[in-house]
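Colleague:
Residue numbers (UniProt numbering): 1 to 865.
#1: List in chain order: all unbroken alpha helix (DSSP H) runs of 4+ residues lying wholly within the region 165-245.
#2: Under the three-state reduction of DSSP, which class applies to residue 874: helix, strand or coil?
#3: Taking just the CA atoms, how far does residue 512 sit from residue 457?
#4: Name the two residues that bound the continuous beta strand (DSSP E) containing residue 254.
#5: Buried or exposed for residue 26, going by 16 or more other Cβ atoms inside 10 Å?
#6: Kindly identify the DSSP beta-bridge partner or partners of residue 677.
#7: Tell me whether residue 279 is buried or exposed, calling it buried when 16 or more other Cβ atoms sit within 10 Å of its Cβ.
#8: Beta carbon of residue 365, beta carbon of residue 318: below 7 Å?
#9: Under 8 Å, with one C-beta from each stretch per pair, do the region 259-271 and the region 296-316 reach the 3-pair mark?
#10: If you count every other CB in all the chains shown that lies within 10 Å of the CB of residue 293, and 16 or more means buried, which is it?
#11: Can you give, in chain order, each stretch of the alpha helix (DSSP H) that sits fully within the region 69-114 and has at least 4 residues?
#12: Using only alpha-carbon positions, find the residue among 429, 343, 417 and 552 that is nearest to residue 499.
#13: Figure out for me which residue from 235, 173 and 166 has the closest Cα to the Cα of residue 158.
#14: Would DSSP call residue 345 helix, strand or coil?
#15: My assumption, with CB atoms under 8 Å, is that residue 139 sits in contact with residue 107. Please give the rounded CB distance.
#16: Could you work out which residue in 585, 523, 589 and 431 is closest to residue 517 when comparing CA atoms only?
#17: Between residue 547 and the rest of its own chain, which residues show a CB-CB distance below 8 Å, the 5 nearest in sequence each way excluded?
#18: Fully enclosed by the region 516-583, which alpha helix (DSSP H) runs are 4 residues long or longer?
#19: Span of the beta strand (DSSP E) holding residue 789?
#20: Use the C-beta contact count for residue 856: other C-beta atoms within 10 angstroms, 16 or more gives buried, fewer gives exposed.
#21: Can you tell me whether residue 502 is buried or exposed, with buried defined as 16 or more other CB within 10 angstroms of its CB?
#22: To the nearest angstrom, how far is the alpha carbon of residue 817 from that of residue 47?
#23: Which residues mark the beginning and the end of the beta strand (DSSP E) in which residue 247 is found?
#24: Take residue 676 as the anchor and find which of 148, 802 and 404 has the nearest alpha-carbon.
#25: From the DSSP output, read off the bridge partner residues of residue 746.
#26: For residue 358, which three-state DSSP category applies?
#27: Which same chain residues, not among the five before or five after residue 128, have their C-beta less than 7 Å away from its C-beta?
#28: Measuring only the C-alpha atoms, how far is residue 758 from residue 732?
#29: Alpha carbon to alpha carbon, how far is residue 289 from residue 220? Give it in angstroms, no decimals.
#30: Taking contact to mean at least 3 C-beta pairs separated by less than 8 Å, is the region 725-744 in contact with the region 662-670?
#31: Can you give me the Cβ contacts of residue 282 inside the same chain, cut-off strictly under 7 Å, excluding the 5 residues immediately before and after it?
#32: As a quick exercise: from 586, 527 and 678, pick the residue whose alpha carbon is nearest that of residue 566.
#33: Please classify residue 403: is it buried, with 16 or more other beta-carbons within 10 angstroms of its beta-carbon, or exposed?
#34: So is residue 285 buried or exposed if we call it buried at 16+ other beta carbons inside 10 Å?
#35: Residues in the same chain with beta-carbon distance under 8 Å from residue 720, minus the five sequence neighbours each way, listed in chain order, please.
#36: Which residues does DSSP list as the beta-bridge partners of residue 446?
Here's what the structure looks like:
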């Protein structure tokens, strides 16, 4: 029967015939046979059953993998394995029947106007509206056709529909019964305008920018025969027509298209909002992207022939500048660099995401813009980012007049830290709030002690306030030098002036989380009170009483400079009168001096630095930067289909992992590699590319073994140098080698196939069977040959640039020599090599790029200088 069904669909005679849209399961067959037949017809691999026996009940559960989808009997259990398989197959069939019923239908192709009419007819049957997510299924049931991808755009732009927001970001759609009654112009007919057909098959679009509201709200028109040429032709026709036949509409309605003349130029506009008392309308300029209020007396009928051209304004979002959307300084740079300019856009958004209402990319096209007017193309996105950041000045107290501030902190030395209440400070707070609400993966942005010294700003998680978590921007203080093995550091909160002792697990790399936050100036201004007695403990205590944390005040500049001296005024809570805080402190000090006894410790001047640091002792793991893209690519599509090998009882029975040995000895030989991790050009990790398939297969099998292995390894049984399996922050198991152990159950491991490191507990390790030890360590330490940092040490910008050039990329490596790690195991090789990109017509040497950008010099030049 299976063979007959294959012949029915052309399999037996070699014909390529599309399988039926809906597969009909044969109820006369047993579930396992029926499921197997389904896989044959759909050209899937045979169903793969995996039975699991409970340790306690000794009963069986089962799961089956059908084309990557896993169905399970959980939580039901069965006496026999065969019964569990039958039940699992039956469950799979029930789910597949539902999926089959929803298989793709032919797309509706009768035109946008007919589609709107049909949707309107269906929604009229739901007077209380229906959820937007249910409309596709409702339409398929009614017409046996699937909605085109741009259906939601039609619903949003057509006056025949209205929408309302509901809980959990849901949208309810209603048929607008008033639409039939609304009049547009003299005829009363509502004209529908088709959506613009974008050239999604092209990676690069020729664009003319028309309006820039923010870095995520840029509008442009397309060049080309179907776009700019048609637009120019229609606008010329409008000019000719309106010179003799201007007609005012009898009434106006939202969502309708009209014409308006501004500066002797006609524009097509869509009315978004009506202000009836003032007789004005907020209009969206559909060919430019901006909005403005227009007097209703200036709106004219847009004839049908002028509506055949779709709205030409295309919404864009600048890739990499999303965080700068609310930056108060961004707009003028956008206008200067982009407004009314011809550019080329590299399109990063997929068509399906643009039209998907549940996608974050819905309605906006992410783009990288290039200026191609010069001999060399200029990437405008990083240039804009740099200009916006450089144009943001640090906060400053006015030299004349009063400045509104918050007193955020007073140090033990009597230094005031002030925050100016302006858009800049609110912008920083907003960005931090958005970052926390995004629920970023903390493990991907943790830092090492080495990173801590190289970067300027970090994101700090502060849990010192009774379990109430607060987030701040912070920087390492300039106090004593730290050691690599330290785990707690003095961190200065740059927007508040507070210094706290912070565990490294609560410190996160800010630049990888938000470029805008990492570049924005520090908001805390350090100042001192003018004309007060020498600072003592009692003076500091009185200052803190008069100026509690986060109190509002007025500040007047007395002596500008790097450490400005100021007078602080604060309103009295009961009388609302302004109090001079400097004068209060000076008068109280004079009174105390006349009555206090000599030699009191509290009145001793504070000489030298003293830090009242709140100590955070929360634990955490330390990891180095992770090449997340490589991990995701390596583990994508892992399936649970392999058998589980038995775990050995003695670690001594297992061989240790060997270093990768197939390294060319001849300098003229080459090795294909992929860069997996990068600290700087003198310290990065590579993988041999030819063994990539072997590593991928090993990773697939390793997941199954580890998911079904519940062993526990005591801390005292962990052996330095031995290999185990452990989870990386990407959520998948990897091979690790133990480097060292600390304080009993803190284990320093290296992810030996990628070069990452972490601190784990013994209960996070699993035994690595012998079959997973045959493949040597796939990560190899490397450094670029023949260059060194221009200034002796690689700067943060140098490291980020090298990471951008290399991580996740494939190269040909020319190995010049092999050295060995002096600090690590004596047999750990470090390859001194050149990285060559051979994907272009001319080979590109990475070290030459660093030399050209003056980030590096040839080896030996730093010493000679």
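Glycine included, C-beta positions come from ideal geometry on N, C-alpha and C. Being a predicted model, the structure only gives us computed values, none of them experimental.
Modeller: If we stick to the structure as given:
#1: Here the runs fully enclosed are 230-242.
#2: Here the chain comprises residues numbered 1 to 865, so residue 874 is not present and cannot be evaluated.
#3: Looking up residue 457 in the chain shown gives position 457. Looking up residue 512 in the chain shown gives position 512. One C-alpha to the other measures close to 11 Å.
#4: As a first step, residue 254 is located in the chain shown; it is residue number 254 there, counting from the start. From DSSP, residue 254 is part of no beta strand (DSSP E); its letter is neither H nor E.
#5: Translated into positions along the chain shown, residue 26 becomes position 26. Answer is exposed; the Cβ neighbour count stays below 16.
#6: By 1-based counting over the chain shown, the position of residue 677 is 677. For residue 677, which the question treats as bridged, DSSP gives the partners 685.
#7: In the chain shown, residue 279 corresponds to position 279, counting from 1. So residue 279 counts as exposed.
#8: Your numbering for residue 365 matches position 365 in the chain shown. Your numbering for residue 318 matches position 318 in the chain shown. The answer is no: Cβ separation not under 7 Å.
#9: The region 259-271 is in contact with the region 296-316.
#10: Within the chain shown, numbered from 1, the residue matching residue 293 stands at position 293. Its Cβ having fewer than 16 others within 10 Å, residue 293 is exposed.
#11: At a cut-off of 4 residues, the continuous stretches assigned as alpha helix (DSSP H) that sit fully inside the region 69-114 are 81-101.
#12: As a first step, residue 499 must be located in the chain shown, where it is residue number 499. With distances taken between Cα atoms, residue 499 lies closest to 417.
#13: For the purposes of this step, residue 158 is taken as the residue at position 158 of the chain shown. The option with the nearest alpha carbon to residue 158 is 173.
#14: For this step, residue 345 is matched to residue 345 along the chain shown. Assigned with DSSP and collapsed to three states, residue 345 falls in strand.
#15: Counting from one through the chain shown, the residue named residue 139 turns up at place 139. Counting from one through the chain shown, the residue named residue 107 turns up at place 107. Not quite, the Cβ-Cβ distance comes to about 11 Å (not below 8 Å), so this is no contact.
#16: Your numbering for residue 517 matches position 517 in the chain shown. Comparing Cα-Cα distances from residue 517 to each of 585, 523, 589 and 431, the minimum goes to 431.
#17: As a position in the chain shown, residue 547 is number 547, starting the count at 1. So the list reads 407, 410, 416, 553, 568, 570 and 581, once near-sequence residues are dropped.
#18: Counting whole runs of 4 or more residues, the region 516-583 contains the alpha helix (DSSP H) stretches 537-546.
#19: Mapped onto the chain shown, residue 789 falls at position 789. Counting along the chain, the beta strand (DSSP E) containing residue 789 begins and ends at 787-789.
#20: On the chain shown, position 856 is the one that residue 856 refers to. The residue is buried, with at least 16 neighbouring Cβ atoms inside 10 Å.
#21: The residue given as residue 502 occupies position 502 in the chain shown. Buried, since its Cβ has 16 or more Cβ neighbours within 10 Å.
#22: For the purposes of this step, residue 817 is taken as the residue at position 817 of the chain shown. For the purposes of this step, residue 47 is taken as the residue at position 47 of the chain shown. Those two C-alpha atoms are separated by around 51 Å.
#23: Counted from its first residue, the chain shown places residue 247 at position 247. No beta strand (DSSP E) holds residue 247; DSSP gives it neither H nor E.
#24: As a first step, residue 676 is located in the chain shown; it is residue number 676 there, counting from the start. It is 802 whose Cα lies nearest to the Cα of residue 676.
#25: Numbered from 1 along the chain shown, position 746 holds the residue referred to as residue 746. Note: residue 746 sits in a beta bridge opposite 742.
#26: Against the chain shown, residue 358 aligns to sequence position 358. Coil.
#27: Here residue 128 is taken as the residue at index 128 of the chain shown, counted from 1. Close CB contacts of residue 128 within its chain, under the 7 Å cut and outside five residues either way in sequence, are absent.
#28: Working through the chain shown from its first residue, we reach residue 758 at position 758. Working through the chain shown from its first residue, we reach residue 732 at position 732. In this structure, the CA atom of residue 758 is about 14 Å from the CA atom of residue 732.
#29: As a first step, residue 220 is located in the chain shown; it is residue number 220 there, counting from the start. As a first step, residue 289 is located in the chain shown; it is residue number 289 there, counting from the start. Straight-line Cα distance between these residues: approximately 8 Å.
#30: When C-beta atoms of the region 725-744 are compared with those of the region 662-670, fewer than three pairs fall below 8 Å, so the two segments do not count as touching.
#31: Walking along the chain shown from the start, residue 282 turns up at place 282. The residues are 272, 273, 291 and 293.
#32: Your numbering for residue 566 matches position 566 in the chain shown. The shortest CA-to-CA distance from residue 566 to any of 586, 527 and 678 is the one to 527.
#33: The residue you call residue 403 lines up with position 403 of the chain shown. Residue 403 is buried by the Cβ-count criterion.
#34: Looking up residue 285 in the chain shown gives position 285. Flag for residue 285 reads buried.
#35: For the purposes of this step, residue 720 is taken as residue 720 along the chain shown, with counting starting at 1. The beta carbon of residue 720 lies closer than 8 Å to those of 738, 739, 740 and 741 in the same chain, with the five residues before and after it left out.
#36: Counting from 1 along the chain shown, the entry for residue 446 is found at position 446. Answer is 508.
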